[in-house]
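Just so we're aligned, residue 128 is where the sequence shown starts under our numbering, counting upward by one. All C-beta atoms in this analysis are idealised placements derived from N, C-alpha and C, irrespective of residue type, glycine included. Structure record follows, encoded as C-alpha cells.
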Amino acid sequence: MGACSEPTGSGRRPVDASLLVQADLSATAVMTVVVEVTAADIPTPLVFNIPVVDRVASGPVTIPSGSNRTITMRAFDAGGVETHHGSVTVNIQPGTNPTISIVLMPLTGSVPIDATLGSFAVSVRPTVDTLTVGDTVTLTAAILDASGTPVTGQVAWGSVGPAVASVVSTGPQTGRVTAMHPGRTTVAATYGGTAALATIVVPGWYASPSGSSAGDGSRRPWDLQTALSGSQGRVQPGDTIWLRGGTYQGSFTSTLNGSEAAPIVVRQYPGERATVDGANAPSANLV
C-alpha cells in the first residue's frame with residue numbers, strides 16, 4: 128500500500144470512466160483505503176490508493192468501459208489490519224461517468240462505511256453540530272470534480288427532519304440551519320447526484336429557577352410549571368426537559384403526556400444540582 132493514487136496496471140484510455148471516490152471515515156479507525164478494479168478482459172488488476180485527509184477518503188479512479196467490472200474497496204487501520212471490505216459489479220458504458228455506491232461492511236467493530244464513486248465529490252463542514260432551539264449555524268459545502276479540482280456550483284440543501292432543524296440556501300455552496308425542536312436529524316448537501324451529510328443535534332428544553340412562562344425553553348428557559356405543562360403543546364413525547372441548577376420552590380403539577388415508546392424525561396442538567404422545595408405545598412401536587 129503506497130501513498131500514490133495512480134493505478135497499477137494500464138494507462139487511461141479515452142473510454143475510461145473517470146470517477147472520484149469519497150467516504151466518510153469519522154466513526155472508524157480507518158487510515159488507508161484501497162480500490163481495486165478487476166474484470167475478465169482487464170489482464171492486470173487496477174489498484175488505487177485513496178488519500179485520507181481529515182477523516183475523509185477522497186481520490187480519483189479510472190475504470191475501463193465494459194461489462195462486469197468488479198470494484199472492490201478495502202479499508203485498513205494504522206497497523207495495516209483490514210477493517211472493512213465491500214464490492215460491487217457494474218457495467219460501464221463508453222463515455223459515461225456513473226454514480227456508484229458501495230457499502231464497506233466491518234470486519235472488526237460494527238460501523239459500516241458508505242462510499243460513493245461519481246463525477247463529483249461533495250463534503251460539508253461542520254459535519255456535526257449541537258444547537259439549542261432557535262439557534263442557527265451555516266454549513267459550507269465543497270465540490271471536487273473527478274480530477275480532484277475544486278468546482279463552484281449550486282448545491283441543493285435538504286433536511287431529513289425539518290421539524291427538528293430546517294435548512295435554507297444562503298449561497299451557491301452555503302446553507303443556514305435553524306434548530307426548531309429537540310431531536311436529531313441529518314442535513315444533506317447534494318450536487319451532481321452526490322450528497323454529503325451533516326448531523327444536527329438539538330438536545331432538549333430547559334427550565335430554570337429564574338425562568339418564566341414568557342421564555343422559549345431554550346436560551347430563555349421556562350419556569351418549572353410552564354415546562355411541566357408542556358408550554359402549550361411544544362413539549363412532545365420523546366422530548367427531554369433539562370432542569371438547570373438551583374432550587375425550585377412551590378407546588379408543581381405535571382400535565383405532560385409521553386408514552387412507553389417515547390417518554391418525556393425530566394432530569395437535572397449534567398454537572399448541576401436541581402432541588403424541588405415543596406415544603407409548604409400539598410403532597411398531591413408535588414412533582
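By the 10 Å Cβ neighbour count, where 16 or more other Cβ atoms means buried, how is residue i classified, buried or exposed?
i: Asp143; result: buried
i: Arg252; result: exposed
i: Pro364; result: exposed
i: Arg201; result: buried
i: Arg196; result: buried
i: Pro191; result: buried
i: Gly275; result: exposed
i: Ala205; result: exposed
i: Asn224; result: buried
i: Gln359; result: exposed
i: Pro237; result: It should be noted that the sequence gives Ser, not Pro, for residue 237. Exposed, since its Cβ has fewer than 16 Cβ neighbours within 10 Å.
i: Val295; result: exposed
i: Gln220; result: exposed
i: Ser345; result: buried
i: Gly187; result: The question names Gly, but residue 187 in the sequence shown is Pro. Pro187 is buried by the Cβ-count criterion.
i: Met232; result: exposed
i: Ala167; result: exposed
i: Ala323; result: buried
i: Asp366; result: buried
i: Ser339; result: exposed
i: Ser194; result: exposed
i: Ser496; result: Residue 496 lies beyond the range of the chain shown here (128 to 414); nothing can be said about it.
i: Val356; result: Note on residue identity: the sequence assigns Ser, not Val, to residue 356. Buried: at least 16 other Cβ atoms inside 10 Å.
i: Ser415; result: Absent from the structure is residue 415, since the part of the chain shown begins at 128 and ends at 414.
i: Gln281; result: exposed
i: Val342; result: Strictly speaking, residue 342 in this sequence is Gly, with Val absent from that position. Classification for Gly342: buried.
What did DSSP end up calling residue i once you bin it into helix, strand or coil?
i: Thr119; result: The structure shown has nothing for residue 119, since the chain only spans 128 to 414.
i: Ser415; result: Here the chain covers residues 128 to 414 and nothing more, so residue 415 does not appear.
i: Asp112; result: The chain is shown from 128 up to 414; residue 112 falls before or after that span and cannot be answered.
i: Ser69; result: The chain is shown only over 128 to 414; residue 69 falls outside these bounds and no answer can be derived.
i: Ala156; result: coil
i: Leu224; result: The residue asked about is misnamed: residue 224 is Asn in this sequence, not Leu. DSSP places Asn224 in coil when its eight states are reduced to three.
Look at the alpha carbon of residue i and the alpha carbon of residue j, and state the distance between them as a whole number of angstroms.
i: Pro141; j: Val255; result: Model confidence at Pro141 stands at a pLDDT of 46, short of 50, so the residue's coordinates are unreliable and nothing is read from them.
i: Trp349; j: Arg311; result: 22 Å
i: Ile169; j: Val161; result: 18 Å
i: Leu234; j: Ala316; result: 30 Å
i: Arg182; j: Pro277; result: 19 Å
i: Thr199; j: Val148; result: 12 Å
i: Val287; j: Gly377; result: 41 Å
i: Val164; j: Gly319; result: 23 Å
i: Ile270; j: Ser185; result: 11 Å
i: Gly285; j: Glu387; result: 31 Å
i: Thr257; j: Thr279; result: 28 Å
i: Gln352; j: Ala290; result: 25 Å
i: Glu209; j: Val215; result: 18 Å
i: Thr243; j: Asp272; result: 13 Å
i: Leu152; j: Ile240; result: 7 Å
i: Pro397; j: Thr189; result: 51 Å
i: Val314; j: Val328; result: 11 Å
i: Ala325; j: Met158; result: 21 Å
i: Pro299; j: Thr263; result: 18 Å
Would you please verify whether the beta carbon of residue i is less than 9 Å from any beta carbon of chain D?
i: Asp272; result: Protein chains in the displayed structure number just one, and chain D is not present.
For the ligand MG, any of its heavy atoms closer than 8 Å to the Cβ of residue i?
i: Arg196; result: As presented, the structure is devoid of all ligands, the ligand MG included, so that no description of it is given.
Original post:
Can you give, in chain order, each stretch of the beta strand (DSSP E) that sits fully within the segment 161-187 and has at least 3 residues?
Top reply: Qualifying beta strand (DSSP E) stretches, in chain order: 169-177.
Original post:
Unbroken beta strand (DSSP E) runs of length 3 or more, entirely within the segment 253-309: which are they?
Top reply: 255-257, 263-272, 283-286, 292-298 and 301-306
**OP:** Answer yes if the segment 172-182 comes into contact with the segment 221-235, meaning at least three C-beta pairs across the two stretches below 8 Å, and no otherwise.
**Re:** no
Subject >> Every unbroken beta strand (DSSP E) within the segment 326-406, with a cutoff of 3 residues, ordered by chain >> reply: 332-334, 367-370, 373-376, 392-395 and 401-404
Original post:
At what residue ranges does the segment 185-213 contain a whole run of the beta strand (DSSP E), taking only runs of 3 or more?
Top reply: 193-203
Original post:
Is it true that the segment 324-341 meets the segment 365-374, where meeting means three or more beta-carbon pairs spaced less than 8 Å apart?
Top reply: yes
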